[in-house]
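Data block below; observations after.
Residue numbers (our numbering): 457 to 636.
See the structure below:
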């Protein structure tokens, strides 16, 4: 029944707004629904790379669902938890790509980079290095920090306010350059 309602809603949006309706509808879908929809599309167009990557993503999400089931909690994981899973998968692939680059295995590195691109489509857009630098400057100023020793306070403030949109692998070097 849920599928029928969403199909009817999708039909209404398409009829009323044309292709923009699809965009509006996708905006209100959960991340899990977007991934499933993308997976079905990939199956239809027979894109092997996309199919295998989306299968891995769905398997990781289902694994997290199972891990979260305890006693009375029977709910599936929500979008913030799915984002954590996707970030972890992206990091694993980046590590693998680095290893393949060091080992001179270009074809394997390219495959990992393809998977990273697919995973990134479901992650929130990351801020640029300039935007991250600007936010770091503001936090350093607001916390009145002048020493690298207090980098933990800065990281804590960043995670509180900007956890989804900042690439923390770059923050450490940015903050150190600002404090030196």
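Using N, Cα and C, we set each Cβ at its ideal position, and we do this for glycine too.
Option in the options with minimal Cα separation from residue i
i           : options            : result
residue 545 : 525, 521, 574, 564 : 574
residue 582 : 493, 517, 539      : 539
residue 603 : 631, 556, 578, 618 : 631
residue 542 : 565, 528, 518      : 518
residue 568 : 530, 493, 508, 526 : 508
residue 625 : 487, 547, 563      : 547
CA-to-CA distance, residue j to residue i, given in whole angstroms
i           : j           : result
residue 512 : residue 636 : 42 angstroms
residue 565 : residue 598 : 42 angstroms
residue 514 : residue 607 : 36 angstroms
residue 495 : residue 557 : 29 angstroms
residue 559 : residue 616 : 38 angstroms
residue 477 : residue 493 : Reliability of the predicted coordinates at residue 477 is poor, the pLDDT of 42 falling under 50, and no value is obtained from them.
Whole-angstrom C-beta distance between residue j and residue i, which should lie under 8 angstroms
i           : j           : result
residue 533 : residue 549 : 20 angstroms between Cβ atoms; not a contact.
residue 580 : residue 620 : 5 angstroms
residue 491 : residue 510 : 6 angstroms
residue 551 : residue 487 : Not quite, the Cβ-Cβ distance comes to about 23 angstroms (not below 8 angstroms), so this is no contact.
residue 563 : residue 505 : In fact, because the Cβ distance is near 13 angstroms, the residues do not count as touching under 8 angstroms.
Own chain, CB closer than 8 angstroms to residue i, minus 5 neighbours either side, in chain order
i           : result
residue 618 : 583, 591
residue 634 : 589, 592, 593, 596
Proximity test, Cβ basis, 8 angstroms: residue i and chain E
i           : result
residue 588 : Included in the structure is just one protein chain, with no chain E present.
Task: Contact the region 585 to 594 vs the region 493 to 505: 3+ CB pairs below 8 angstroms - done: no
- [ ] Evaluate the contact criterion for the region 610 to 626 versus the region 559 to 576: three or more CB pairs, one atom per stretch, below 8 angstroms.
- [x] no
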